[in-house]
Amino acid sequence: MPDAELAALRKILTLERQKGCRDTAVIGGLDRFLARWSERLSEQPPIPVPRRGYAALSAEQRSRWLDEAMTLIGGDDGAPAAPASRRSAPPRQSSATPAPPATRRSAASRKRAAGGESQERPRNKEDELSLTSSVEALPRVTPAIATRLKKLGVSTVRDMLYLFPRRHNDYGAMCSVADLQIDSEHTVAVSVWEARETMLGGRMRATEAVVGDDTGNLRVVWFNQPFLARQFKPGTRLALSGKVTLFRDAPTMQSPEYEPLQGDENMIHTGGLVPVYPLTQGLTPRNLRRLVRTALDGWGHLLVDPLPDAMRQRAGLLPLSQAVRQAHYPHDAESQAEARRRLAFDELFMMQLFVFSRRREWRESGGAPPLGRDSGVLDALFSRLPFSLTAAQTRSLDEVLSDMEKERPMSRLLQGDVGSGKTVVALAALLSAVANDRQGAFMAPTEILAQQHFRTVADLLGASGESDGGAGDAVLTFRLPPLPRPVSLGLLLGSQPRRQKRDVQAMMAQGALDVVVGTHALLQQEAEMPRLGLAVVDEQHRFGVMQRASLRSKGETPHLLVMSATPIPRSLALTLYGDLDLSILDELPPGRRPVRTRSVPPERRLDAYEFVRRQVALGRQAFVVCPLIEESDAMQTRAATTEFHRLSTEALPDLTLGLLHGRMPLREKEDVMGRFQRGELDVLVSTPVVEVGIDNRNASVILIDGADRFGLAQLHQFRGRVGRGEHASYCMLMSDYPSAEAKERLEVLERVADGFAVAEEDLRFRGPGDYFGTRQSGLPDLRMARLSDQDLLSLARQEAAALLRADPSLARPEHRALAELLSGYAAGSSRGEIS
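Its first residue numbered 61, the sequence shown is counted upward by one per residue in this note's numbering.
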């Protein structure tokens with residue numbers, strides 16, 4: 061075998077050993093280098109190539125293989141390689157966050173080193189750096205940079221490892237200057253012939269260079285980077301990656317990525333799949349890549365894989381440290397996909413562990429009051445309804461009441477499309493609790509929706525104001541003949557006058573209120589309900605998991621019914637709400653008419669207003685929905701306040717209009733909604749606050765302006781505001797500057813009326829990311845997982861269930877790391893990543 065080949069191999073293996081066996085000695089990893097090296101040989105390679113690949117080996121296995129290989133080829137200058145026990149690589153720790161070697165020595169340690177004291181003495185605690193250390197402990201991270209990183213969610217070394225790229229630029233195809241194609245992205249290795257500082261346009265300082273290889277020359281310009289002219293001396297070898305353009309008939313690169321070629325240095329800005337990270341002001345792409353690479357090289361190998369080996373192998377998943385590295389600097393597209401699969405599985409698996417654990421804790425908590433069904437109360441309620449229950453309502457109510465009869469607390473999700481009758485099912489369950497001398501809580505995500513529920517219950521049951529004290533119209537009473545005493549109904553909102561809120565809370569704590577309707581104010585410490593038997597949460601996707609756990613903690617362990625009018629595929633409901641049993645209202649009440657939906661092009665805006673005018677002339681009412689309250693320079697779209705003024709004075713001056721948005725005082729909102737309900741307003745101009753909560757059976761038209769700004773599920777919710785009465789109803793979708801994708805999305809609403817089918821389409825359009833968002837689901841962001849990963853979702857759910865069946869409390873030693881992660885996840889101190 062040629063000496064040159066042996067020398068090259070010896071150099072690479074020596075470098076890999078010096079770098080701590082982290083597979084960072086060569087671009088693309090040692091496996092790719094060994095494959096190319098073996099292909100060039102005409103004889104059998106002198107060392108055995110690892111059968112499973114070097115990247116798949118553990119740190120100790122890599123060490124042993126390197127020692128063996130170096131012995132076979134003569135080691136450094138023919139000497140056998142040093143045994144692993146004598147190497148200076150940092151020892152592996154047994155905890156989930158071991159301490160790697162310190163990169164910043166304390167002042168005392170530097171003083172000892174200067175005085176000639178032994179470097180082998182034990183390090184002080186301040187010299188240790190763990191994955192939970194502040195990111196400021198990393199080299200070159202100043203307090204100012206740490207502040208900027210915090211805006212990206214990076215506070216610790218682990219956070220830096222989990223700052224995954226948004227995408228990768230493919231700079232892998234290295235070519236010669238002669239092979240460069242105009243208007244194409246290329247990577248080229250060149251020598252600098254000349255570099256000088258220049259002025260462009262008379263004002264901009266820049267670096268202009270002539271570079272080249274044996275096949276030709278290339279002009280390069282870096283704007284606003286004059287300092288590069290001093291760095292790039294003639295003869296400097298560079299790798300350049302960027303788009304090639306033509307300037308004065310000469311090939312040119314403008315501000316390409318660059319990297320000095322120094323033989324054994326791993327390139328991070330060019331050559332291969334280069335990560336593109338999210339940025340914030342004051343952090344450049346190059347700086348962020350350097351910081352992430354420093355964390356990877358120094359501490360990436362310390363990530364302890366909490367997944368049991370058997371599970372990881374059964375699921376075909378990469379080891380954690382390998383997946384994290386490949387997520388940042390993948391060998392190729394296939395490696396990138398495998399890394400994403402592993403990290404996505406981790407996110408979904410932790411989500412499933414969390415919801416399954418909560419489900420087990422909730423069910424084993426016991427102590428829920430058994431609430432027997434009272435047929436007399438239910439019959440009295442149904443006799444007051446202007447309609448009969450659907451088969452789906454009857455089935456779902458039976459499931460709810462059966463759960464409430466048990467001592468094990470109910471934890472059930474009632475899911476149904478807009479207008480499917482969830483409120484009636486909830487009301488029947490609440491009255492069943494009252495019949496058992498228990499209190500009920502009905503929580504809604506917005507004050508408008510809470511007020512709507514309060515009025516709906518009051519109207520259905522003929523409630524009136526008979527309360528004493530300062531609660532005023534926030535407390536009503538009604539009689540239901542089978543019950544021996546009047547039933548009290550209260551309303552608790554954050555924006556209520558202080559005295560009224562205090563009086564309602566006092567009545568709740570005394571047990572004087574049977575049913576309380578409210579917002580998140582029901583979660584406040586002052587809101588006590590000593591006899592709480594049933595808690596109902598409406599629009600579940602707007603409440604976090606932690607919030608519903610807080611509501612569960614009120615008084616005794618209550619039964620819990622959560623509702624959602626946001627249809628999602630069943631598989632996703634099981635994934636996001638795995639701690640809940642599922643009831644589905646899959647049919648609409650008789651007589652509910654479909655809403656005819658059409659996209660209206662910008663040039664037909666006046667025709668849309670004329671259609672609204674004709675509907676009002678027939679005695680109907682209309683909604684106009686805008687994305688914003690006020691105009692914004694950042695978003696070129698319609699604003700409710702501006703449109704209200706324009707429609708009132710120009711487009712619809714002959715009609716009576718009202719304005720509704722979330723910033724209005726409670727009394728003003730109540731007044732506007734009341735006037736709209738009574739028919740005193742022809743048109744209600746509103747922000748998305750009408751998504752849920754306004755039930756006007758006379759409204760037949762909803763015009764959604766800036767429709768391209770909303771998701772399909774939200775548009776479907778808007779559409780549900782009309783079509784609630786006997787009149788034909790219409791939804792008009794308007795956009796001034798819709799993109800091609802926006803037009804395609806809006807077409808879905810035109811042809812699909814079923815909410816679950818709309819949800820499937822919405823999921824298809826959303827692609828990567830969190831389907832609901834952290835604020836809505838209460839679960840950590842899905843940074844690598846996609847809820848369209850149906851197979852991976854199923855696998856994560858299956859493995860989580862199997863693990864908890866075998867070890868419900870995760871008490872086994874091999875599950876200790878998972879138990880720690882789950883604890884942090886549940887406490888909200890972790891973002892849910894497996895690390």
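Heads up, the beta-carbon is just placed ideally off N, CA and C, and yes, glycines get one too.
For residue i: DSSP bridge partner residues
{"i": "LEU688", "result": "ALA699"}
{"i": "ASN229", "result": "VAL334"}
{"i": "ARG256", "result": "GLU268"}
{"i": "LYS561", "result": "Answer is none; LYS561 lacks a bridge partner."}
{"i": "MET503", "result": "GLY578, VAL597"}
{"i": "PRO311", "result": "LEU306"}
{"i": "THR216", "result": "SER194"}
{"i": "TRP282", "result": "THR267"}
{"i": "THR247", "result": "MET234, SER301"}
{"i": "GLU317", "result": "SER301"}
{"i": "THR657", "result": "CYS791"}
{"i": "ASN277", "result": "GLY272"}
{"i": "THR537", "result": "SER524, SER548"}
{"i": "GLN681", "result": "ALA759"}
{"i": "ILE508", "result": "The partner list for ILE508 (beta bridge, DSSP) is empty, contrary to what the question assumes."}
Nearest-angstrom beta carbon gap, residue j and residue i [assumed within contact, 8 Å]
{"i": "ALA67", "j": "GLY89", "result": "So it is not a contact: roughly 21 Å between Cβ atoms."}
{"i": "ARG420", "j": "PRO868", "result": "6 Å"}
{"i": "GLN412", "j": "ALA399", "result": "That belief does not hold up - the Cβ atoms of GLN412 and ALA399 are roughly 21 Å apart, past 8 Å."}
{"i": "ALA516", "j": "THR483", "result": "A quick correction: the sequence has Thr, not Ala, at residue 516. With a Cβ gap of about 6 Å, THR516 and THR483 count as contacting."}
{"i": "VAL535", "j": "SER548", "result": "6 Å"}
{"i": "VAL732", "j": "ALA759", "result": "Going by Cβ atoms, the distance from VAL732 to ALA759 rounds to 14 Å, so no, they are not a contact pair."}
{"i": "GLY295", "j": "VAL252", "result": "7 Å"}
{"i": "GLY436", "j": "MET503", "result": "Not a contact, Cβ separation roughly 28 Å."}
{"i": "ALA845", "j": "LEU212", "result": "About 19 Å separates the two Cβ atoms, so there is no contact after all."}
{"i": "GLY427", "j": "THR617", "result": "5 Å"}
{"i": "ALA877", "j": "VAL364", "result": "6 Å"}
{"i": "ASP822", "j": "HIS619", "result": "With 8 Å as the limit, ASP822 and HIS619 do not qualify as a contact, their Cβ atoms being about 31 Å apart."}
{"i": "ALA289", "j": "ALA255", "result": "5 Å"}
{"i": "ALA700", "j": "ILE689", "result": "6 Å"}
{"i": "ALA856", "j": "PHE405", "result": "6 Å"}
{"i": "PRO311", "j": "LEU240", "result": "5 Å"}
Neighbour flag for residue i against chain D, beta carbons, 9 Å
{"i": "ARG385", "result": "Looking at the structure shown, chain D is missing, and only one protein chain is on hand."}
Test item: CB-CB of residue i and residue j under 9 Å
{"i": "LEU852", "j": "ARG374", "result": "no"}
{"i": "GLY550", "j": "MET568", "result": "yes"}
{"i": "PHE770", "j": "PRO687", "result": "yes"}
{"i": "ALA393", "j": "LEU198", "result": "no"}
{"i": "PHE416", "j": "LEU744", "result": "no"}
{"i": "MET794", "j": "LEU772", "result": "no"}
{"i": "VAL237", "j": "ASP273", "result": "yes"}
{"i": "PHE414", "j": "LEU882", "result": "yes"}
CA nearest to the CA of residue i, picked from the options
{"i": "LEU720", "options": "MET844, LEU362, SER746", "result": "SER746"}
{"i": "SER789", "options": "LEU726, GLY213, PHE502, GLY679", "result": "GLY679"}
{"i": "ARG92", "options": "LEU645, GLY113, GLU76, THR702", "result": "GLY113"}
{"i": "ASP519", "options": "MET130, LEU445, GLN453, LEU775", "result": "LEU445"}
{"i": "ARG741", "options": "GLY722, ILE764, SER708", "result": "The question names Arg, but residue 741 is Leu in the sequence shown. Residue SER708 is the option with its Cα nearest to LEU741."}
{"i": "GLY766", "options": "PHE287, ARG698, PHE704", "result": "ARG698"}
{"i": "SER244", "options": "GLY884, VAL270, ALA682, LEU306", "result": "LEU306"}
{"i": "ARG423", "options": "GLU407, PRO430, GLU467", "result": "GLU467"}
{"i": "ASN277", "options": "MET264, MET313, GLN291", "result": "MET313"}
{"i": "GLN475", "options": "TRP282, GLY261, GLY815", "result": "GLY815"}
{"i": "GLN499", "options": "ASP714, PRO873, PRO429", "result": "PRO429"}
{"i": "LEU44", "options": "ALA595, TYR222, GLU196, ASP667", "result": "Nothing can be reported for residue 44, as the shown portion of the chain is limited to 61 through 895."}
{"i": "ARG279", "options": "GLY432, LEU300, PHE287, MET264", "result": "LEU300"}
{"i": "GLY522", "options": "PRO546, GLN241, ARG308", "result": "PRO546"}
{"i": "LEU223", "options": "LEU715, ASP849, LEU457, THR340", "result": "THR340"}
{"i": "ASP755", "options": "VAL485, GLU880, VAL478", "result": "VAL478"}
{"i": "LEU73", "options": "VAL575, LEU126, ASP239, PRO650", "result": "LEU126"}
{"i": "GLY342", "options": "THR702, LEU543, VAL818, ALA204", "result": "ALA204"}
{"i": "ASN496", "options": "LEU438, PHE514, GLU810", "result": "LEU438"}
beta-carbon residue i near the ligand MN non-hydrogen atom, thresh 8 Å
{"i": "MET724", "result": "Among the components of this structure there are no ligands whatsoever, and the ligand MN is therefore not found."}
Whole runs of the beta strand (DSSP E) within the stretch 407 to 475, excluding any shorter than 3 residues: none
Those runs of the beta strand (DSSP E) which lie wholly inside the stretch 330 to 411 and span at least 3 residues: 333 to 336
Which full runs of the alpha helix (DSSP H) of 4+ residues lie inside the stretch 723 to 761, going along the chain? 726 to 737
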